[in-house]
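One structure is given below, encoded as structure tokens.
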Amino acid sequence: PEAALTGCAQFVLCPTDTNGQNPKCELHAHVINNSWGSNDGASTFYADQIKAWRAAGIIPVFANGNAGPNCATVGTPGGSASVIGVGATASNDGLASFSSRGPTPDKRTKPDVSASGTPLVNLMATHRTSGQAR
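In this note's numbering, the protein residues as written are 8 to 141.
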């Protein structure tokens, strides 16, 4: 899987057509959202890809992991200093029990930002023809 992820990382830097031809590097992404990683906190195969993304002005965003609720459970690359690590919140606005958290092995705080990671109760259209919420 590392080779496939490396290929995807290179495509993000310089997209091509569906045949892998006609690169258009000016069309690279500005922000990349990723939800893959390792819970061991030690994997670093991705470091060169993230360094290249940052050099190109691309902001990498990664899930922090799903190994909570204990401290020091942040995975990689979400725990990397070079990425924005995202945690999951519960309905009480606290971290969801499954959401990984810091500190990282080098004592940095993670997640950098958190958002809803559990089902939300929200407004629902009750009037089928007008779409009004009540």
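From the three backbone atoms N, C-alpha and C, an ideal C-beta is built for every residue, glycine too.
Quick caveat, the model's predicted, so the values are computed rather than measured.
For I39, the enclosing beta strand (DSSP E) has its first and last residue at 38 to 41. A direct Cα-Cα distance of roughly 17 Å separates G72 from K114. In this structure, T96 keeps its C-beta atom at 8 Å or more from the C-beta atom of G75.
H35 sits close to A63, with the two beta carbons spaced by under 8 Å. Rounded to whole angstroms, the Cβ separation of G44 and G14 is 17 Å, and the two are not in contact under 8 Å. In this structure, DSSP gives I66 an extended state, which the three-state scheme calls strand. One alpha carbon belongs to K31, the other to V120, and they sit about 32 Å apart.
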